[in-house]
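**Q** One structure is given below, represented as C-alpha cells, and several questions about it will come after.
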C-alpha cells in the first residue's frame, strides 16, 4: 500500500474529519485533504489526482451515496476506491451502497482497528 | 338521508299541480317559494352551527396561553440551545484532539529514544559491553531520563486538559433536558389541537387512506438510537461485514 497516496476525507463535521485524518496519519498516510460534502468533494476529485476517498453518507448538499454514484459515472474517477464511514445502518442502505459500487462500509461509531482492517482489505483486493 | 321536514312532500306536489290546473299561478309560485325557503333555512342553520363550533373550538384552544409564548420565544430559544450544544461538543472535541495531537509526538519521541538506547542497554544487561560504549550509553540514558523528566509533566498537563474538556457533558445534558421538556409541552398542545380540529381531518384521511408512502432508502436517517428494537438496521460492524459478504463482497 502506497503511504503517499492522496486521500480525500469527506464529512460535514470537522471533528469527524479530524478524527479520520488522525487515524489515517497513525497508519502512515500523510497526504490527506478534506471536503465537507459531495458538492465540494466532486470538483476536487475531478481536478486532483486522488487515490482514495473516505466519505460520510449523511451530509447537507450532496450526500455520500450520490457522491459515490457520481464517482462511478465519471470515466476518470470510476476506478477510485471509496470507503463509506457513516452512522447510516439500515440494511437497505448498505445494500444500496454495495450496488452503487462502494469498496468498504464502516458504521459509526467505529474503531481504529476497523478502519485499518477495511483499508487493508480494499487495497489488498485492488493490488 | 333526506330530512322530510325540508323536502317537498307528495301533498305539496299534488297541491301545486291542483293550483296550476286551476290556473292559480300566483298561489302556485308562493307554494314553490315556501318549499325552497325551507330548504335554504336548513343550509343557514348548518353554517351557523359550524361557525359556532369553530368559534367555541378557538375559544377552548386559547385556554393555554403558553402556546403563544412557545411559538414566539420557546421554540427559537430551543433552536439556540441546541446550536449551543453543537458548539460546546465541537469545542470539547477540538480541545481534546488538540491535547492528543500535542501528546502523540511526545510519546513517539520517547519511544524512539528508548528504542535507540536499547541495543547497547541490552548488551550492558548481559555484561557484554566495552568501556567506551558504556560511556556513550551513559550519556544517551542521561539524555532519555532528562527528556522524560521534561515530557512527562507536559503529558500530565495535556491529559488534564482532556479531562477538563469533558465538562461539556454536564452543561449540554441540562440544556437538552430543557429542550425535551419543551418538546413534551408542544406535543401536548398539538394533541389538544388535533382533538379539536382533527376529527374531520381524521375522517377524511381514513377515507383516502392507502399504504403509507415508502421512504426513500437513500434518505439519511442519522444515528440509529434504537437498533435493538428494529429489524431493518444492523447492530454493528460485524453485521455490516456479514451482510456485505453475503452479497459477495
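Residue numbers (this note's numbering), protein chains in the order written: chain G, 50 to 176; chain S, 13 to 261.
Here a beta-carbon is modelled for each residue, glycine too, at the ideal position from N, C-alpha and C.
(1) Which whole runs of the alpha helix (DSSP H) in the region 84-133 of chain S are 4 residues long or more, in chain order?
(2) Is residue 181 (chain S) near the ligand ZN, with its Cβ less than 7 Å from a heavy atom?
(3) Give the residues of chain G in contact with residue 240 (chain S), contact being defined as C-beta atoms less than 7 Å apart.
(4) Could you have a look at residue 207 (chain S) and say whether DSSP puts it in helix, strand or coil?
(5) Does the region 177-188 of chain S come into contact with the region 141-150 of chain S, if we say contact requires no fewer than three beta-carbon pairs (one atom in each stretch) closer than 8 Å?
(6) The beta strand (DSSP E) with residue 57 (chain G) in it runs from where to where?
(7) Using a C-beta to C-beta distance shorter than 7 Å, which residues of chain G count as neighbours of residue 146 (chain S)?
(8) Which residues share a DSSP beta bridge with residue 132 (chain G)?
(9) Output the distance between the C-alpha atoms of residue 27 (chain S) and residue 56 (chain S), rounded to the nearest integer angstrom.
(10) Give the DSSP bridge partners of residue 83 (chain G), in chain order.
(11) Identify the contact partners of residue 94 (chain S) in chain G, using a Cβ-Cβ distance below 8 Å as the criterion.
(12) What residue range does the alpha helix (DSSP H) around residue 174 (chain S) cover?
(13) Helix, strand or coil for residue 54 (chain S), going by three-state DSSP, please let me know.
(14) Determine which residues share a DSSP beta bridge with residue 31 (chain G) and list them.
(15) Mind checking the region 114-138 of chain S against chain G and listing, in chain order, the residues whose C-beta falls within less than 9 Å of any C-beta there?
(16) For residue 31 (chain S), collect the residues of the same chain with a Cβ closer than 6 Å to its Cβ; drop the 5 residues on either side in sequence, then sort them by chain order.
(17) Would you verify that the beta carbon of residue 142 (chain G) is, or is not, closer than 8 Å to some beta carbon of chain S?
(18) Residue 145 (chain G) CB to nearest chain S CB: under 8 Å?
(19) State yes or no: is the beta carbon of residue 265 (chain S) nearer than 8 Å to at least one beta carbon in chain G?
(20) Along chain S, in chain order, which residues have C-beta atoms closer than 9 Å to that of residue 52 (chain G)?
(21) Using a 10 Å radius around the Cβ and a threshold of 16 neighbouring Cβ atoms, would you call residue 13 (chain S) buried or exposed?
(22) For residue 14 (chain S), does the three-state DSSP call read helix, strand or coil?
(23) Can you tell me whether DSSP reads residue 192 (chain S) as helix, strand or coil?
(24) Answer with buried or exposed for residue 164 (chain S), where buried requires no fewer than 16 other C-beta atoms within 10 angstroms of its C-beta.
(25) So, helix, strand or coil for residue 127 (chain G), using DSSP?
**A** Reading off the structure:
(1) Counting only runs of 4 or more, we get nothing.
(2) As for the ligand ZN, it is missing from this structure, which has no ligand bound.
(3) The contacting residues do not exist; residue 240 (chain S) stays about 12 Å from chain G at best.
(4) Reduced to three states, the DSSP call for residue 207 (chain S) is helix.
(5) The region 177-188 of chain S vs the region 141-150 of chain S: no contact.
(6) Per DSSP, residue 57 (chain G) belongs to the beta strand (DSSP E) from 56-59.
(7) What residue 146 (chain S) touches in chain G: nothing, since even the nearest Cβ is about 36 Å away.
(8) Answer by DSSP bridge pairing, in chain order: G:103 and G:153.
(9) For residue 27 (chain S) and residue 56 (chain S), the distance between alpha carbons rounds to 27 Å.
(10) Paired residues: G:58.
(11) By Cβ distance, chain G contributes nothing, its closest Cβ being about 15 Å from residue 94 (chain S), past 8 Å.
(12) Its alpha helix (DSSP H) spans residues 143-176.
(13) If DSSP states are grouped into helix, strand and coil, residue 54 (chain S) belongs with the helices.
(14) As displayed, chain G neither begins before 50 nor continues past 176, which places residue 31 (chain G) out of reach and without an answer.
(15) Taken in chain order, the members of the region 114-138 of chain S whose beta-carbon sits within less than 9 Å of a beta-carbon on chain G are 116.
(16) These residues qualify, in order along the chain: 39 and 40.
(17) At least one C-beta of chain S is nearer than 8 Å to the C-beta of residue 142 (chain G).
(18) For residue 145 (chain G), the answer is yes, since a Cβ of chain S falls inside 8 Å of its Cβ.
(19) Outside the displayed span of chain S (13 to 261) sits residue 265 (chain S), for which this structure offers no information.
(20) Within 9 Å of the CB of residue 52 (chain G), no CB atom of chain S is found; the nearest one sits about 16 Å away.
(21) In this prediction, residue 13 (chain S) has a pLDDT of 42, which is less than 50 and means its spatial position is unreliable; what the coordinates show is noted afterwards. Here residue 13 (chain S) is exposed, its C-beta having fewer than 16 other C-beta atoms within 10 Å.
(22) With a pLDDT of 45 at residue 14 (chain S), under the threshold of 50, the predicted position of this residue should be treated as unreliable, though the coordinate-derived value follows. Of the three classes helix, strand and coil, the one that applies to residue 14 (chain S) here is coil, per DSSP.
(23) In the structure shown, residue 192 (chain S) sits in a helix (DSSP, three-state: H, G or I).
(24) With fewer than 16 Cβ atoms within 10 Å of its Cβ, residue 164 (chain S) is classed as exposed.
(25) Residue 127 (chain G) carries a coil assignment under DSSP once its states are collapsed to helix, strand and coil.
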